[in-house]
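2 protein chains.
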Amino acid sequence: MSDNGIEAVKLDGTGPVYDQIRRAIRDLVLNGAWPPGTAVPPEHALMERLGASRMTVHRALVQLAREGLITRRRRSGTIVANPPASHAMLDILSIPDEVRQLGQDYSFEILSRRDGRPSPEVAAGFELKRSEQVAHLVTLHRSGGQPHVLEERVIHLATVPATAAERFGTTPPGDWLLQHSLWSQAEHAISAVAAGEREASLLEIEQGEPCLLVERRTWNQNQPVTAVRLLYPGGRHRFVGRFGPYGAV
Amino acid sequence: MSDNGIEAVKLDGTGPVYDQIRRAIRDLVLNGAWPPGTAVPPEHALMERLGASRMTVHRALVQLAREGLITRRRRSGTIVANPPASHAMLDILSIPDEVRQLGQDYSFEILSRRDGRPSPEVAAGFELKRSEQVAHLVTLHRSGGQPHVLEERVIHLATVPATAAERFGTTPPGDWLLQHSLWSQAEHAISAVAAGEREASLLEIEQGEPCLLVERRTWNQNQPVTAVRLLYPGGRHRFVGRFGPYGAV
DNA sequence: GCTAGACAATTGCATATGCAATTAGCAAGT
DNA sequence: ACTTGCTAATTGCATATGCAATTGTCTAGC
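If you read the protein sequences in the order shown, they are chains B and Z. One point on numbering: in my numbering, the residue at position 72 of the first sequence is 72, and numbering is uninterrupted. In short: position in the second sequence from 1, add 1000, done, that's my numbering.
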């Protein structure tokens, strides 16, 4: 990985210098200008380029590393990290991984797909404007042959144009998105609902059985990326997370 | 708030100095030796006491401030912060606050209480050893007169001895604990369950209706503090959280 | 008593400097 | 080819120093 456009690093003159540096690099990463694996220029180079002292550059990079955006190793240098797979309580989880971790075979099936303007129902369900171009997908994930979770998703074509050409033949939409987009904000909602008729039949449970509904929307730099509703058959599933409010204890 | 025992700050000689300082102070806070509001010695004092340079002390304090453990203001100095009320996705939430935020009257009722060794059922439900002394409480929270959430909780008497003398006449157990204990680790699990007979009648819903079950256990420095199961009538409730994996965008 | 202003304590930020630790890559020797 | 060891690039850590910004507190003057 060679010398990646150091000239792209630009300070905006507002606030402390170390924070300007931090934000400049963060934005390059979130914009996709520096995709994962890209070599971040070494401290000396940034120092010269920006006219700041090495300690100031260092401070910015250390903080970015703590935030998980970059990975640093002595001598090897600094590279842009892979996007985090999980965070705190709720994860942008990869359903295949999740299933395989339980030692089950994984498979999925796209039940329906429609690209273009959302139907009124879809627009309402995901709080979309009717004018926004999206791909609308319904996917059933299976674990060891059994229905695992029912996924309904919209992907914003303006934000992730590559979606239009993707068939999702081997990789389910969620995983594919992790590789083809970035997110900087997410919103989650969790609730318990009773399975409706159609959901029950797809998930092979009784109508009215409790299900865990996870709704998630993600943005990258205020642009919507995707919104998804995951319906997990109740009882069989739970979300677990462990964390502390402070640094590791 | 006067000069609080600076001699209590002790380094352990392992790892970087700035991190030793950070941990030393963090432990004093989490131990309760420096309760919220306590004045943390100024950088100069710590610098002399510890034989470190001011920048090194500074680095430790800045990091503690970012973690939310302390609050710093120029000239005024540094004080131990109040414990955080919420975090990321799921909060150590105050049920009264939550209810009032919705503009409803709040009330609660302790349905049962038993202190001492847990019964076999309780021990099993909360993964306790039979020998651990706990207070076991069942509380119903009401919102505008209507049942809001059913809470079943154990509090470890060894960790929070003040519990034994508390009647919970005006403050429900969760809120009382926030004022009388600290936590450094929490574990959450969320699942959807069908209301059982007893739960349904207490929550005034139909048996079998979907409910959101939140199970939470908290520790302070590896000592268990409390474990709680909150059963929310489905449909009426959802948890929402918004966050980014990186620093504020 | 009250106010304006000076003073000083405390944190925030940046720099310059030096050394330590790690390790990729190269060179030398077998 | 394979190993061994050296060198240098890069990050990690700590120090010393200086100035800026904020704001309690005190003092002088009214």
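The beta carbon of each residue, even a glycine, is placed where N, CA and C say it ideally should be.
Spatial distance of residue i from residue j (CA atoms)
i	j	result
Z:A1024	Z:K1010	6 Å
B:G32	B:V122	29 Å
Z:F1239	Z:A1164	32 Å
Z:R1150	B:H237	Checking the sequence, you will find Leu at residue 1150 of chain Z rather than Arg. Their Cα atoms are separated by approximately 21 Å.
B:L202	Z:G1037	56 Å
B:G5	B:A158	26 Å
Z:R1054	Z:H1180	34 Å
Z:M1089	Z:R1242	Only weak support is given to the placement of Z:M1089: the predicted model assigns it a pLDDT of 44, under 50, and the value that follows is read from those uncertain coordinates. If you take the alpha carbons of Z:M1089 and Z:R1242, they lie about 7 Å apart.
B:R142	B:G68	32 Å
B:E43	B:D27	18 Å
B:E109	B:S94	15 Å
Z:E1187	Z:G1174	16 Å
Z:Y1106	Z:G1144	6 Å
B:A52	B:R100	48 Å
Z:R1117	Z:L1128	10 Å
Z:G1235	B:L111	27 Å
B:N82	B:R130	34 Å
B:D97	Z:M1047	49 Å
B:R75	B:Q104	41 Å
B:L178	B:A45	31 Å
Z:A1189	B:A189	14 Å
B:H87	B:L231	Since pLDDT at B:H87 reaches only 42, below the 50 mark, its modelled position is unreliable, and the value read off the structure follows with that caveat. Approximately 20 Å between the Cα atoms of the pair.
Of the listed residues the options, nearest to residue i (C-alpha basis)
i	options	result
B:V40	B:V154, B:N222 and B:V80	B:V80
Z:P1120	Z:I1095, Z:E1132 and Z:D1027	Z:E1132
Z:H1136	Z:R1142, Z:I1155, Z:Q1146 and Z:A1124	Z:I1155
B:R217	B:A8, B:R229 and B:V138	B:R229
Z:A1200	Z:P1147, Z:L1111, Z:A1045 and Z:E1152	Z:P1147
Z:A1049	Z:E1197, Z:R1130, Z:N1222 and Z:A1008	Note on residue identity: the sequence assigns Arg, not Ala, to residue 1049 of chain Z. For Z:R1049, the nearest C-alpha among the options comes from Z:A1008.
Z:A1124	Z:L1178, Z:G1013 and Z:A1227	Z:A1227
Z:G1169	Z:P1161, Z:T1139 and Z:L1178	Z:T1139
Z:P1161	Z:V1134, Z:R1153, Z:L1178 and Z:E1152	Z:V1134
Z:R1198	Z:E1152, Z:Q1104, Z:E1098 and Z:D1097	Z:E1152
Residues of its chain near residue i, where Cβ-Cβ distance is below 7 Å and the 5 sequence neighbours each way are ignored
i	result
B:E166	W176
B:Y18	T56, R59 and A60
B:S191	L213
B:W219	W183, S184, Q185 and V225
B:R22	A60, Q63 and L64
Z:V1193	C1211 and L1213
B:R114	H136
Z:I1205	A1195 and P1233
B:P35	V80
Z:R1072	L1061, A1065 and T1078
Z:Q1223	T1159
B:Q221	L30 and S184
Z:P1016	none
Contact test: residue i Cβ vs the ligand ATP heavy atom, cutoff 8 Å
i	result
Z:Q1223	Although the ligand ATP was asked about, the structure shown includes no ligands whatsoever.
7 Å Cβ cut-off: residues of chain Z touching residue i
i	result
B:G198	Correcting the residue identity first, residue 198 of chain B is Arg in this sequence and not Gly. Correct list: empty, because the minimum Cβ distance to chain Z is about 17 Å.
B:L28	Going along chain Z, no residue has its Cβ under 7 Å from B:L28, so there is no contact; the nearest lies around 13 Å.
B:G15	Correct list: empty, because the minimum Cβ distance to chain Z is about 13 Å.
B:L11	Correct list: empty, because the minimum Cβ distance to chain Z is about 17 Å.
Within chain B, partners of residue i - CB distance below 8 Å
i	result
Z:I1095	Here the premise fails: no neighbours, minimum Cβ distance about 17 Å.
Z:G1234	S191, A192, V193, A194 and P210
Contact list for residue i against chain Z, beta-carbon separation under 8 Å
i	result
B:R229	Per Cβ cutoff of 8 Å: no residues; B:R229 is ~12 Å from chain Z at best.
B:R242	Q1185, A1186, E1187 and H1188
Neighbour list for residue i in chain Z, Cβ cutoff strictly below 9 Å
i	result
B:H237	S1191 and A1192
B:P172	Correct list: empty, because the minimum Cβ distance to chain Z is about 21 Å.
Neighbour list for residue i in chain B, Cβ cutoff strictly below 9 Å
i	result
Z:G1116	In chain order: nothing, as chain B lies at least about 29 Å away.
Close Cβ partners of residue i (< 6 Å) along its chain, the five nearest in sequence each way excluded
i	result
Z:T1029	Before going on, a small fix: residue 1029 of chain Z reads as Val here, not Thr. Excluding residues within five positions, the ones whose Cβ falls inside 6 Å are L1069 and V1080.
B:T171	none
B:G208	A194
Z:F1126	V1154 and A1227
B:E215	A189 and R229
Cβ neighbours of residue i in the same chain (closer than 8 Å, five flanking residues each side left out)
i	result
B:G77	A39, V40 and P42
B:G13	Q20
B:L102	S143
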